[in-house]
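Some notes on the structure that comes next.
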Amino acid sequence: MSSHKASSSAQSYAVISLIISFNSPSPMTMDGRDNTIANADQPLRGEGDTFSFPEIKPDFTLCDEYKEVISGKGKKRCEVLWRHRVAFIELKATSAQGPKPAKPGNTVKAIVSQAADYARLHLTCRPFQLFSIGLLIFGRQFCVAIFDRDGVQFSPIHDLWNNLDILIRTIRRMTHEMPPIDFGQDPNVSLLPSNHPNSILCHNIATALAKGNTDLINEVSNYPTYSIDFCNIKYYTIGLPVWNSLSLLGRGTSIWRVSASPSKSLETGIFLILKAAWRQSNRPSESAIMQRVKGSHDGLVQYAQGSDVFFPSSTAISPAKITTANLRNLNHNVEGDTTILHRTVGRPIWEFDSYLEFFLAIKAALNAHKFLPDQGILHRDISAGNVLLSSNPNAPDSQKGFLTDLEFARIDDGTLETKNIIPVPSLFNPNRVKEMTAPTTRTHTTWTPPPRGAVLTGTVQFMALELVSSLSQTTRQPIHRIHHDVESFIWVMYYGILRRLEYEAFQSLFGRVYPCQITPQRVGASLLSVLFGEQETLFPLPIQRYFEDMFDLLSRIRGRRTTEIKVKTDTSAV
């Protein structure tokens with residue numbers, strides 16, 4: 001860095017630090033709305049299912065939950081969790097490093113990609129966030145960036161010195177006046193106090209589910225409970241999310257264990273799975289596809305209820321949907337936030353109690369996958385977040401696991417029936433003066449032909465090699481077929497085993513995000529060969545043989561010549 005850039009950067013830090021010290025509340029006097037701005041002295045981290053979590057940090061972050069944690073140098077700071085952050089501040093040395101490119105085109109400046117990465121992690125780790133806010137300061141200029149599932153919007157760029165009053169008011173508002181909803185929290189969701197009776201019950205359920213795992217129990221004990229208003233029913237989250245998407249754009253799926261009656265769930269051990277996700281407005285919701293399935297299958301998730309999510313309203317008869325367009329005050333729908341509630345209860349695939357349970361669960365999900373094409377439905381998004389274990393370890397073999405998430409499924413023919421459950425608030429009763437009607441819901445049903453959608457879909461870490469390698473090519477993309485889903489099941493198996501073992505190869509195999517990183521890992525036998533070499537310490541002998549068979553199957557699926565891998569066998573391991 002040149003001396004000029006270093007001087008400019010130092011000046012920016014000095015100005016921001018001065019404004020922060022003037023505006024920030026004291027941790028000892030904070031009320032429920034004040035936020036402390038912290039200088040990130042070490043990388044922020046996530047919780048639960050955050051594989052390949054990057055160790056990065058913004059220059060400053062806003063903490064909504066101040067916890068005095070003593071660092072190694074005896075310095076007090078906020079706990080280093082993304083979940084406790086409501087926004088971030090990023091500084092650059094010169095105005096030329098701002099978000100606006102010098103020439104029109106598709107150039108994305110470094111500050112934009114860097115801030116987008118912060119927003120991605122923020123939305124992943126802070127539950128039920130609709131968007132993420134970043135204050136960007138570059139040289140003597142600044143602006144606010146708001147990231148959502150459809151991209152980013154920037155405020156007008158202001159001069160730091162000529163418009164210092166705007167910067168001060170911006171920071172003042174962020175630290176003292178903005179409620180959680182203004183920072184992007186779903187207005188249908190609220191954080192329960194730790195001493196709330198339902199919060200205590202949900203923590204007890206989560207602790208019981210941890211089954212003596214000390215590390216997991218410690219994480220669960222510090223994780224809050226959220227109350228979700230969905231179709232006029234309150235649901236309460238239980239423990240950590242089962243699955244969280246790490247992507248910024250797209251669906252942003254999160255899967256939770258929930259209960260409408262925590263006391264009953266603690267007694268019976270029965271609760272529900274809730275999935276929150278965004279969808280393209282021109283695509284059918286998962287609930288519409290689930291209603292298209294004829295009959296039931298032990299290995300297929302049981303649909304209970306699903307609907308688009310609406311902004312809460314005390315007066316409107318037809319509340320507005322939560323979409324990125326409505327969040328941006330635009331007139332067109334881009335994506336809708338859809339919450340799907342499933343009746344079947346499940347566990348992450350890597351929380352198996354035995355290898356037998358694990359393989360029976362995979363088999364049950366595979367059988368469910370076979371059940372769908374017989375009805376003209378192809379799943380097309382097999383991943384570790386969509387194959388779950390049954391919550392009952394004593395379930396029949398055919399119910400040890402199940403398949404979820406049909407939103408990207410391809411439907412060959414027929415029509416889709418879409419039902420939206422719309423909340424209707426209390427209104428004045430026209431027949432009785434000074435009397436309000438009871439809140440209720442109404443159902444809106446539409447019938448549409450199934451859209452063909454994208455040729456390729458899926459989670460890239462689990463996509464078949466032929467598909468993921470084609471994403472970075474300009475040639476015609478192959479059509480997603482059944483054998484591609486079968487290959488994805490194999491990657492789910494490897495993921496589940498390695499995730500459970502926390503094997504050192506896990507991050508190199510499944511810690512990649514981009515197709516150009518994943519493709520070289522999947523070519524030939526090099527990827528799978530890392531599993532063999534320490535097998536005696538990882539797998540019992542029957543499991544070793546099974547993995548050899550799976551590698552042969554994978555080679556046949558790809559139409560490649562089977563590559564021999566010499567596997568050391570140790571009969572003493574049996």
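Residue 427 in UniProt numbering is what sits at position 427 of the sequence shown, and the numbering runs on without skipping anything.
Heads up, the beta-carbon is just placed ideally off N, CA and C, and yes, glycines get one too.
Residue environment analysis places S354 among the exposed positions, since fewer than 16 neighbouring C-beta atoms fall within 10 angstroms of its C-beta. Secondary structure of C143 (DSSP, three-state): strand. In this structure, the beta-carbon distance from A409 to L360 does not fall below 8 Å. Nearest to A288 by alpha-carbon distance, out of P127, F131, I411, I137, is I411.
Taking C-beta separations shorter than 7 Å and ignoring five residues to either side along the sequence, the partners of M463 in its chain run S488, following chain order. In its chain, beyond the 5 residues on either side, L123, G184 have a beta carbon closer than 6 Å to the beta carbon of Q129. Residue pairing by DSSP places H158 opposite F142 in a beta bridge.
A direct Cα-Cα distance of roughly 14 Å separates H196 from I205.
By the Cβ neighbour-count rule, S472 is exposed, with fewer than 16 other Cβ atoms within 10 Å of its own. Taking 8 Å as the cut-off, the beta carbon of R172 is found no closer than this to the beta carbon of R126. If you look at P262, you'll find it in the alpha helix (DSSP H) that goes 262-268.
Going by C-alpha positions, A364 is about 14 Å away from V492. In this structure, T225 lies away from S254, with their beta-carbon atoms at least 8 Å apart. The beta carbons of G496 and F358 sit closer together than 8 Å. Taken through DSSP and simplified to helix, strand or coil, N195 comes out as coil. For V387, the uninterrupted beta strand (DSSP E) run begins and ends at 387-390, by DSSP. In this chain, the alpha helix (DSSP H) harbouring E466 covers 465-470. Here the alpha carbons of I168 and A395 stand approximately 60 Å from one another. When secondary structure is reduced to three states using DSSP, Y223 falls in the coil class, being assigned neither helix nor strand. Around the beta carbon of G269, a 10 Å sphere encloses fewer than 16 other beta carbons of the protein chains shown; the residue is thus reported as exposed. Close CB contacts of L136 within its chain, under the 7 Å cut and outside five residues either way in sequence, are with E90, P99, I111, A115, F142, C143, A145 (chain order). In the DSSP assignment, T237 falls within the beta strand (DSSP E) that extends over 233-237. Taking C-beta atoms as the reference points, I273 and G346 count as a pair closer than 8 Å. Closest in C-alpha terms to S221, from the list E47, L467, Q399, comes E47. Taking C-beta atoms as the reference points, W350 and R140 fail to come closer than 8 Å.
Excluding sequence positions up to five before and after L192, its CB lies within less than 6 Å of the CB of S199, T225, S227, all in the same chain and listed in chain order. In the structure shown, A116 falls within a helical segment according to DSSP collapsed to helix, strand and coil. Per DSSP, R476 is not a residue of any alpha helix (DSSP H), being assigned neither H nor E. Going by DSSP, R45 is part of no alpha helix (DSSP H) at all; its letter is neither H nor E. F147 is positioned such that its CB atom lies closer than 8 Å to that of L248. Taken through DSSP and simplified to helix, strand or coil, D405 comes out as coil. In the three-state reduction of the DSSP assignment, I56 falls in the coil class.
The distance from the Cβ of S95 to that of F60 is about 19 Å, inconsistent with a contact at the 8 Å cut-off.
Rounded to whole angstroms, the gap between the alpha carbons of L406 and A276 is 13 Å. In the DSSP assignment, A87 falls within the beta strand (DSSP E) that extends over 85-92.
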